[in-house]
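Peer 1: Dropping a structure here in structure tokens format, bear with me for questions.
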Amino acid sequence: MSDPTWDTSKENFQPLKKGRDARMMEELSGMRHSERADKIREERSAFWDAIANYDGEDPLEVWVRFIKWTEQTFTSGGRETELLPLLERCTRELQEVPRYKDDARYLRIWVKYA
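Each residue of the sequence shown is one higher than the one before, counting from 1 in my numbering.
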């Protein structure tokens with residue numbers, strides 16, 4: 001990864017405890033604003049569709065991927081506008097599911113939400 005374009009504006013990136021995906025950062029920072037907005041809109045819509053139409057045994061897995069994608073995508077201040085509503089919806093929709101009462105992933109989502 002020689003001379004990535006995101007390196008010149010990295011002070012605008014909020015740190016994550018587990019770090020950020022450098023490939024994703026470089027890919028998004030190399031796009032024009034309109035391209036980036038279209039890509040984000042497309043991927044967000046795909047996640048909401050996956051949640052709405054999920055037919056498997058572990059819906060939390062889709063939520064975890066969506067939350068991780070949101071943290072990686074909205075690098076500078078997306079917590080209030082993007083992440084918090086997502087965390088709130090996830091915790092509300094899954095709070096009555098007994099199998100998640102002792103699930104570490106679900107607990108981590110509550111901690112992030114707090």
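Think of the CB as a built atom: it goes at the ideal place given N, C-alpha and C, for glycine as much as any other residue.
Predicted, not measured: the structure shown is a model, and the values here were computed from it.
Counting only runs of 4+ residues fully inside the region 44–82, write out the alpha helix (DSSP H) ranges in chain order.
Peer 2: DSSP runs (the alpha helix (DSSP H)) wholly in the region 44–82: 59–73.
Peer 1: Residues in the same chain with beta-carbon distance under 6 Å from residue 74, minus the five sequence neighbours each way, listed in chain order, please.
Peer 2: 82, listed in sequence order.
Peer 1: Do you know offhand how far residue 111's Cα is from residue 91's?
Peer 2: Between residue 111 and residue 91, the C-alpha separation is close to 10 Å.
Peer 1: Indicate the three-state DSSP secondary structure (helix, strand or coil) for residue 35 in the structure shown.
Peer 2: Looking at residue 35 - three-state DSSP - the assignment turns out to be helix.
Peer 1: Mind checking whether residue 105 and residue 64 have CB atoms under 8 Å apart?
Peer 2: Contact: yes.
Peer 1: Counting along the chain, where does the alpha helix (DSSP H) carrying residue 106 start and finish?
Peer 2: Element bounds for residue 106: 104–113.
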